[in-house]
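Those sequence lines, one after another, are chains A and B.
If you count the first sequence from 1, position 385 lands on 377 in my numbering, and the numbers rise without skipping.
If you count the second sequence from 1, position 221 lands on 213 in my numbering, and the numbers rise without skipping.
Protein chains: 2
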Amino acid sequence: MTPDEFRVHGHALIDWIAEYLEGVARHSVASTVQPGDIRAALPEHPPTQAESFADVLADLDRVVLAGITHWQHPSFMAYFPANISYPSILGEVAAAGLGVQGMSWVTSPACTEVETLMLDWMQELLGLPPSLRSTSTHGGGVIQGSASEATLSSILAARWRATGGQVNTDGDTTHLVAYATSQAHSSIEKGLRIAGIGAQRLRVVPHDEAFAMVPGELERMIAADRAAGLVPFWVCATRGTTSSLAFDPLPQIGSITRREGLWLHVDAAMSGIAALAPEHRWVNEGVELADSYTTNPHKWMGVNFDCNLFWVADRAALLGALSILPEYLRSAAAESGAAIDYRDWQVPLGRRFRALKLWFTIRAGGVAEAVAMIRRHVALTAELAEWVAADPRFEIVAPHPLNLLCVRLREGEPDANAATDTLISQANASGEVLLTRTVLDGKVACRISVGGRTTAAGDVRAAWELLQRLAAG
Amino acid sequence: MTPDEFRVHGHALIDWIAEYLEGVARHSVASTVQPGDIRAALPEHPPTQAESFADVLADLDRVVLAGITHWQHPSFMAYFPANISYPSILGEVAAAGLGVQGMSWVTSPACTEVETLMLDWMQELLGLPPSLRSTSTHGGGVIQGSASEATLSSILAARWRATGGQVNTDGDTTHLVAYATSQAHSSIEKGLRIAGIGAQRLRVVPHDEAFAMVPGELERMIAADRAAGLVPFWVCATRGTTSSLAFDPLPQIGSITRREGLWLHVDAAMSGIAALAPEHRWVNEGVELADSYTTNPHKWMGVNFDCNLFWVADRAALLGALSILPEYLRSAAAESGAAIDYRDWQVPLGRRFRALKLWFTIRAGGVAEAVAMIRRHVALTAELAEWVAADPRFEIVAPHPLNLLCVRLREGEPDANAATDTLISQANASGEVLLTRTVLDGKVACRISVGGRTTAAGDVRAAWELLQRLAAG
């Protein structure tokens, strides 16, 4: 492909994207294909000769779109928000065109320095403690691919600190104990498992009726483990759980972890971005007690996945856990301490120029636009909750301070579980909305996650009316 | 930003990229900024109002380009190839525009099925064993972000198999022993460390004068560890080391790991793609004995980072190590076994639609173009080696079967190390080329990695003439 052909095809593809996003509401929200359908529509063997780009673009329409579950659809209310924006897409385009590797400062200083600046901008925009800024004495932040990776990095830093670095040599993790509620994200158990903290060393701290951690229980479990000769080392407090958007009480948990010397990781992947709006800054209340904190612009800020923000109060522990320096990666800039090598802040070596999409979004999209979107989602969810509360067939099963509502049919146990399951399946089969299912203390619930780029009052109203119609049978 | 504004700005950005890549040779290869320069050129605080995209694009030119080390420059001969191509950039653009999350089949079936097909296409194009195909009884492949992550996944699968899954419960890794040479990539030690295999359980297997593993030494070390009551579990054989492109002898190593029941991981990150050219299929000789294999289209195939291919011969071990199934991620398609949920094949949960860039590259770029590029790089390296061999001031310090040449100044020890260091620094300071330094058994060497998208005979010639001029003092 020549540069001029790239210009022509690139323009066509940009237009294709604009048209796709403008018309995304015309599609069934979820793909309706069966396993194997997409592959069967494509050649089993690779082409022996180059094809025209027009043919490739045609296959995006003909084959790929049928297999897309449209995360940017206004009626996508499943899983979690993953809204994108036009400026963010352009940031991805620019990063792809530059084609640089940001593993070290020296391999493209702008990739590192724009990233560091973005973390400091976000610290300011979210009202996070200044002690997390890159310009602080001990703290700093990094863009990682996902909250899963941030959580794993947090565990590794805590593991390093709790063993005085010894784990890097002997790999002995058998005495370490971690704490989280049953509502914590699956990446907590997965990250611990990867780091050699098996399921029998993950304590499930009881939660209250709002699905939030009970600090007294945490305290009791830590004491019991210490009495048994084990080494409590890491607590995950979630600010906005995936299942129901529960908020573990940070100030109380933080006072325990400070006193006991445990690493406190705050997983605010789904809701931390709400703090862009000053009235929602409570989501990060108590974060000054955290040793690490993570949130995702790729969920609720119009920034394309992958763009996770991960801050640590003590970068030395993170570097102790993750630094390895072979000869072919040495550089004077980094060894002098003047530059950051972000490869030592993450699991993989390589890194894309992900800061561009955040930079483009903040500058060309504007923070005001993100705040307006967050406020719209929260208001729509509150309105939806009023409608649900007014319908005696339904019940709301968890607090709903932001943009997630968990509802279920009220009919008597045990049928309510089956009925709610049926309701979700029927709603999703309509193609008019996409919802996900969860189970909260044994109760099946329908999660309505209001977070689409263009989700408006009419979309939420339509989803609710669909549920009402289906409930009527 | 409205859709129409996106069209206008998107077209402008596509043109900017074409112009950048057409003119990339005009830049100094390495950025010449000092730590802090880029940040100092940008506002310390985020903007309170949205800015025009024209201003953002202007800052790409004014600020960012000065801080770019140009990996796509024809005289970039540092680190490893990371060449991109126009079709691949368009694949990234399409993925950004669709904005889907491919963590599970059901969250966008096309994201999973195009990916699976691409792995099978690549198995065929590289001549890898059919037992690695997704359609095989036990094997399969996945796109991961980097070889670091693939290696970590391999270690976790091996750890699971060696402990009969017990590690997921007790986290006890203290008896496990891993094996690699000193020439293995830093991600090996890092991955092992993360998985709880400390440095004292990583055996450094001696290498021969070609920097390749000595199988007899591996065999001896395994026996000694067994005699000491330890559990040998994982061997990394590198096919193309980062330092010098050494090739560990797979058939011999594989016969040992098969007999001993150890997991054999083959790290062909840098050179495995050479097998696209039939005459270079030897790079994967013996891979039928591997338990896992990884190579990077984002290095030598014109596909943008991140696009790592990772295959396992026994997917059950990988799934055993990495599967976790919370209620909110359940789906009928996956539980029936009809669909693949790639989140269980990797460390993080979330995933971009990375298969598009590989698909676009194979179709619109064409495999023939990638093969021609590989052949050109190999031929240029061979020619360069002849020039170096003819100059008595220089010596070649390692075999050079493909596209990396390690050279140094011949003057008597210990000055040759310092002189070679000076040579590399001066060459890089010129801005005309970028080379990296390594140390091979105590000898400082200059790595000349010939792998740029547009690197041609004149570029290699110019680099060599620069080195000759500098050596002349």
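We put the CB at the ideal spot given by N, CA and C, even for glycine.
The model shown is predicted, which means the values in this text are computed figures rather than measured ones.
(1) Is A/Met69 closer than 8 Å to A/Leu426 when the C-beta atoms are compared?
(2) Helix, strand or coil for B/Asp259? Go by DSSP, reduced to three states.
(3) Could you spell out where the beta strand (DSSP E) holding A/Thr428 opens and where it closes?
(4) Taking B/His199 as the query, report the chain A residues whose CB atoms sit under 8 Å from its CB, ordered along the chain.
(5) Classify A/Glu105: buried if its beta carbon has 16 or more other beta carbons within 10 angstroms, exposed otherwise.
(6) Do the region 166 to 173 of chain A and the region 317 to 336 of chain A make contact, defined as three or more Cβ pairs closer than 8 Å?
(7) Which residues, in order along the region 252 to 285 of chain A, keep a beta-carbon less than 9 Å from a beta-carbon of chain B?
(8) Sort out for me which residues DSSP pairs B/Trp274 with in a bridge.
(9) Does A/Ala362 get closer than 8 Å to chain B when you measure Cβ to Cβ?
(10) Taking the alpha-carbon positions, what's the A/Pro35 to B/Glu84 distance?
(11) How should A/Glu107 be labelled, buried or exposed, when 16 other C-beta atoms within 10 angstroms of its C-beta is the threshold for buried?
(12) Residues of chain B with a CB under 8 Å from the CB of A/His3: which are they?
(13) Pick out the complete beta strand (DSSP E) segments inside the region 142 to 176 of chain B, 3 residues or longer, and give them in chain order.
(14) At the level of alpha carbons, what is the spacing between B/Ser20 and B/Asn420?
(15) Do A/Arg343 and A/Gly94 have their C-beta atoms closer together than 8 Å?
(16) With a threshold of 8 Å between beta carbons, is A/Ser67 in contact with chain B?
(17) Report the three-state DSSP secondary structure of A/Pro318 (helix, strand or coil).
(18) I'd like to check one pair, A/Cys299 with A/Ile475: are the Cβ atoms closer than 8 Å?
(19) Pick out whichever of A/Phe45, A/Arg185, A/Tyr285 and A/Ala33 has its Cα sitting closest to the Cα of A/Pro122.
(20) Can the beta-carbon of B/Asp240 be found closer than 8 Å to that of B/Arg250?
(21) Taking contact to mean at least 3 C-beta pairs separated by less than 8 Å, is the region 268 to 279 of chain B in contact with the region 360 to 378 of chain B?
(22) Mind checking if A/Asp162 is an interface residue toward chain B, Cβ cutoff 8 Å exclusive?
(23) Give the C-beta separation of A/Cys438 and A/Leu462 to the nearest angstrom, bearing in mind that I take them to be a contact with Cβ-Cβ under 8 Å.
(24) If A/Asn296 sits next to A/Ile76, beta carbons under 8 Å apart, how far is it from one beta carbon to the other, in whole angstroms?
(25) Quick one, which of B/Lys291, B/Leu222 and B/Ala149 has its alpha-carbon nearest B/His257's?
(26) According to DSSP, what are the bridge partners of B/Met205?
(27) Using a Cβ-Cβ distance under 8 Å, would B/Thr108 count as near chain A?
(28) Quick one: what's B/Glu387 bridged to in DSSP?
(29) For the putative contact between B/Leu194 and B/Phe225, defined by C-beta atoms under 8 Å, what is the C-beta separation to the nearest angstrom?
(30) Taking the alpha-carbon positions, what's the A/Glu(-3) to A/Thr155 distance?
(31) In this structure, does DSSP put B/Cys299 in helix, strand or coil?
(32) If you pair each beta-carbon of the region 432 to 450 of chain B with each one of the region 396 to 404 of chain B, do three or more pairs fall below 8 Å?
(33) Residue range of the beta strand (DSSP E) that A/Gln136 falls in?
(34) Applying the criterion that 16 or more other CB atoms from any shown protein chain within 10 Å of the CB defines a buried residue, is B/Thr430 buried or exposed?
(35) In chain A, which residues lie less than 8 Å from B/Tyr171 when you measure between Cβ atoms?
(36) Apart from the five residues on each side of it in sequence, which residues of its chain come closer than 6 Å, Cβ to Cβ, to B/Leu222?
Quick look at the numbers:
(1) Yes, the pair counts as a contact, with Cβ atoms nearer than the cut-off.
(2) In the structure shown, B/Asp259 sits in a strand (DSSP, three-state: E or B).
(3) Counted as a single uninterrupted DSSP element, the beta strand (DSSP E) harbouring A/Thr428 occupies residues Thr428 to Leu432.
(4) The contacting residues do not exist; B/His199 stays about 15 Å from chain A at best.
(5) By the C-beta density criterion, A/Glu105 is buried, having at least 16 other C-beta atoms within 10 angstroms.
(6) When C-beta atoms of the region 166 to 173 of chain A are compared with those of the region 317 to 336 of chain A, fewer than three pairs fall below 8 Å, so the two segments do not count as touching.
(7) For the region 252 to 285 of chain A, which is checked against every Cβ of chain B, not one residue is closer than 9 Å.
(8) Its beta-bridge partners do not exist; DSSP assigns none.
(9) It does not; no Cβ of chain B falls within 8 Å.
(10) If I take the Cα positions, the gap works out to 22 Å.
(11) Using a 10 angstroms sphere on the CB of A/Glu107, the tally of other CB atoms reaches 16 or more, which defines it as buried.
(12) Result: Gly2, His3 and Ile6.
(13) Here the runs fully enclosed are 168 to 172.
(14) B/Ser20 and B/Asn420: Cα-Cα distance of roughly 9 Å.
(15) Result yes, Cβ atoms of A/Arg343 and A/Gly94 sit closer than 8 Å.
(16) Look at A/Ser67: its C-beta is not under 8 Å from any C-beta on chain B.
(17) Of the three classes helix, strand and coil, the one that applies to A/Pro318 here is coil, per DSSP.
(18) No answer is possible for residue 475 of chain A: the residues shown for chain A start at -7 and end at 465.
(19) Answer by Cα proximity: A/Tyr285.
(20) B/Asp240 is not a Cβ neighbour of B/Arg250, given a cutoff of 8 Å.
(21) Here the region 268 to 279 of chain B lies against the region 360 to 378 of chain B, with 3 or more beta-carbon pairs under 8 Å apart.
(22) Judged by the 8 Å Cβ criterion, A/Asp162 is in contact with chain B.
(23) No, A/Cys438 and A/Leu462 are not in contact; Cβ-Cβ is about 11 Å, not under 8 Å.
(24) Going by Cβ atoms, the distance from A/Asn296 to A/Ile76 rounds to 5 Å, so yes, they are a contact pair.
(25) Selection B/Lys291, B/Leu222 and B/Ala149 evaluated against B/His257 yields B/Ala149 as nearest (Cα-Cα).
(26) Paired residue(s): B/His199.
(27) Any Cβ of chain A closer than 8 Å to the Cβ of B/Thr108 would place that residue at the interface, and such an atom is present.
(28) B/Arg400.
(29) Going by Cβ atoms, the distance from B/Leu194 to B/Phe225 rounds to 11 Å, so no, they are not a contact pair.
(30) Computed Cα separation, rounded: 57 Å.
(31) Of the three classes helix, strand and coil, the one that applies to B/Cys299 here is coil, per DSSP.
(32) The region 432 to 450 of chain B vs the region 396 to 404 of chain B: in contact.
(33) First-last of the beta strand (DSSP E) with A/Gln136: Gly132 to Gln136.
(34) Buried, because 16 or more other Cβ atoms sit within 10 Å of the Cβ of B/Thr430.
(35) Near B/Tyr171 there are no residues of chain A at all, since even the closest Cβ is about 15 Å away, more than 8 Å.
(36) Cβ-Cβ distances below 6 Å link B/Leu222 to His167 and Val169 in the same chain, with the five nearest sequence neighbours on each side left out; the list follows chain order.
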